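**Student:** Before anything else, here's the structure in question.
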Amino acid sequence: MATRALAIDDVSAFAAHVRWGLTRPRQKQLASKYLYDEVGSSLFDVISLLPEYGLTRADTRLLLRHSHDLVERLPGSIVVAELGSGCGRKTRPILQAFAARSHTSYFPIEISPTALAMCRRELADIPSVTIHGFEQDYLDGLREVAARRSAGQRILVLFLGSTIGNFEHPADLAFLAGIHSILQPGDALLLGADLQKPLPQLIRAYDDSLGVTAAFNRNLLVRMNRELDADFSLDGFHHEARFNPQTSSIEMHLRSLRDQQVTVAAAAFSVAIRHGETIWTESSHKYSLLEVESLTSRAGFRTEAQWLDREWPFAETLLVRQA
Ligand code: AVI
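Taking our numbering, the leading residue of the sequence shown gets 752, the next gets one more, and so forth.
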C-alpha cells in the first residue's frame, strides 16, 4: 500500500514539474533528475564507457591511485556514505582500503532501487564491509546515516562523478551547505569535480558519435509519453549540446524541428512549441580549481588533500567539515 501511494505521489510531482517547466514564459526547462528512469540510468552507464566521455574513467583512476592515501588521512573509526552510488563499481578501492584496516559500514544512498540492488551485488564480495542501502533523496539518506553512527565514529561522504556540476548555481552551494549541516566537525567529504577543458573535447563528450547521449536526452520525451500520457513525437526533436561561457557549463537541450502542439494528458495541459525552440534538460558545470576551493570553503569545508587527473582534467578533493 505504502509503495503504491509513493508511486502516485512521484507521478504527480513529475506531472507538476513538467507543467511548470514547459509553460514557463521564456526558456522551457526540465530538471535533469528526470533523465534517470531505468532506461536513462542504463544509458548513462553506457555513456560512462564511451571513448569521448573521459569523466568516469578519470574519477575511477584517481580513486584507484589514491585510496590508500585517503584512508591514511582519516584515522579512527569511519562509516562511508555515498550520495548516488550508481552501480558502486568506482567505490570498490576505497572500501577495500578501509576494510583492510577495520570492519567498515557502507551506506549507498540512491533514488533508484535498481542501482541500489546492482551496488549491493557489485560490492557484496568485499570482506569486512557491511552494506546498508537507503532508497532516499541524498540529504534525507545522509540524515539517517548520521542518526545511526555510534559515538566516536566519523562519517566520510562520497559525492563522486561531478554530480555537483549538475546543480545550478547557487543550488550547488546550498547542497554542500546542506551536507555540512548534517555532518559534525571532523567528518569528511570526498568531492569529484570535472574541470574546464578545451571546447571541442567537451562538445564531443556530450554529443558522442554513437548517439548514446542523444538517446539519453530524448529518452525524457519517451518517459513523458509513457508516464504522463504525453504525445511528443520523437522525430520532432533533436539533441543539442552547447557550451554556455557565462556559466562555464555544457547544456543539453532538445530542439524542436518544427512548430508543434504537445499535450501532456496526466498534467492536464497542452503547449505550443515553436520551430527552433528548445527544452533545456541539463547543465554540467566545468570547474576551475579556484572555484572548487571557494565553493567548498563557503560551504564550511577545509581542503585536506586534492588529487588531479592530467589525462582528463578532473579533481578529487578530500574536505573536512569545519566547526
Ligand atoms: C551525472 N553527471 C555528472 C553527468 C555529467 O557529465 O554531467 C551526466 C551526463 N549528461 C550527459 N552525459 C553525462
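Cβ coordinates follow ideal geometry from the N, Cα and C atoms, glycine included.
Here the structure is a predicted model, which means the values were calculated and not measured.
1. Tell me, please, which residues DSSP counts as bridged to GLU833.
2. Could you check whether ALA1050 and HIS920 sit closer than 8 Å to each other, using their CB atoms as the reference points?
3. Pull up the distance between the alpha-carbon of GLY940 and that of ARG816, whole angstroms please.
4. If you reduce the DSSP assignment to three classes, tell me which class GLY943 lands in.
5. If you compare alpha carbons, which of TYR889, SER828 and ARG894 is closest to ILE915?
6. Is the Cβ-Cβ distance between VAL831 and TYR804 less than 8 Å?
7. Let me make sure I understand the geometry here. Which of LEU786, LYS841 and VAL769 has the alpha-carbon closest to that of LYS779?
8. Where do the ends of the beta strand (DSSP E) carrying LEU1069 lie?
9. What whole-angstrom Cβ distance do HIS1026 and ARG1009 have, given they're in contact under 8 Å?
10. Kindly indicate which residue of LEU1041, SER1000 and ILE1024 has the alpha-carbon position closest to the one of SER1035.
11. Taking 6 Å as the limit between beta carbons, can you name the residues of its chain near THR1014, skipping five residues before and five after?
12. Taking the straight line between their C-alpha atoms, what separation do you get for ALA922 and PHE1065?
13. Does at least one heavy atom of the ligand AVI sit under 7 Å from the Cβ of GLY916?
14. Exposed or buried, ASP1060, counting other C-beta atoms within 10 Å across all chains shown (16 or more means buried)?
15. Across which residues does DSSP place PHE849 in a beta bridge pair?
16. In the DSSP assignment, find the alpha helix (DSSP H) that holds HIS819 and state where it starts and stops.
17. Are the Cβ atoms of SER836 and ALA866 separated by less than 8 Å?
18. Would DSSP call ARG900 helix, strand or coil?
19. Nearest to LEU927 by CA position, among LEU781, PHE765, ARG1072 and ASP761, is which residue?
20. Under 7 Å from any heavy atom of the ligand AVI, does the C-beta of ILE954 make it?
21. Measuring CA to CA, which of GLU1062, PRO844, THR774 and LEU985 is closest to LEU972?
22. Mark LEU821 as exposed unless 16 or more other C-beta atoms lie within 10 angstroms of its C-beta, in which case mark it buried.
23. Does the beta-carbon of THR964 have 16 or more other beta-carbons within 10 angstroms, so that it is buried, or is it exposed?
24. Any heavy atom of the ligand AVI within a distance shorter than 7 Å of the CB on ILE860?
25. With burial defined as no fewer than 16 other Cβ atoms inside 10 Å of the residue's Cβ, what is the status of GLU789: buried or exposed?
26. Between the C-alpha atoms of SER901 and TRP771, what's the straight-line distance to the nearest angstrom?
27. With a cut-off of 8 Å, do at least 3 Cβ pairs link the region 893 to 909 to the region 868 to 877?
28. Leaving aside the five residues before and after ASP761 along the sequence, list all residues of the same chain whose C-beta is less than 8 Å from its C-beta, in chain order.
29. Note the first and the last residue of the continuous alpha helix (DSSP H) segment covering ILE915.
30. Which one of LEU800, GLN952 and TYR1038 has the shortest CA to CA distance from ASP945?
31. Tell me whether ARG777 sits in a helix, a strand or coil according to DSSP, three-state version.
32. Answer yes or no: do LEU846 and VAL896 have a C-beta to C-beta separation smaller than 8 Å?
33. Helix, strand or coil for GLU1042, going by three-state DSSP, please let me know.
**Tutor:** Looking at the coordinates:
1. PRO859 and LEU909
2. no
3. One point to set straight first is that residue 940 is Leu, not Gly, in the sequence displayed. The straight-line gap from Cα to Cα measures roughly 18 Å.
4. DSSP places GLY943 in strand when its eight states are reduced to three.
5. TYR889
6. No, the Cβ-Cβ distance between VAL831 and TYR804 is not below 8 Å.
7. Among LEU786, LYS841 and VAL769, the Cα nearest to that of LYS779 belongs to VAL769.
8. It spans 1065 to 1072 - the beta strand (DSSP E) in which LEU1069 sits, taken as one unbroken run.
9. 5 Å
10. SER1000
11. ASP982 and SER1021
12. 21 Å
13. yes
14. buried
15. For PHE849, which the question treats as bridged, DSSP gives no partner whatsoever.
16. Annotation: the continuous alpha helix (DSSP H) that includes HIS819 extends over 806 to 823.
17. Yes, the Cβ-Cβ distance between SER836 and ALA866 is below 8 Å.
18. coil
19. When each option's Cα is compared against that of LEU927, the closest is ARG1072.
20. no
21. LEU985
22. Counting Cβ neighbours within 10 Å, LEU821 comes out buried, since at least 16 surround it.
23. By the 10 Å Cβ count, THR964 comes out buried.
24. Outside the cutoff, so no.
25. exposed
26. 43 Å
27. They do not touch, by the three-pair rule.
28. none
29. Run containing ILE915: none; DSSP gives neither H nor E here.
30. TYR1038
31. Three-state DSSP puts ARG777 in coil, outside helix and strand.
32. no
33. helix
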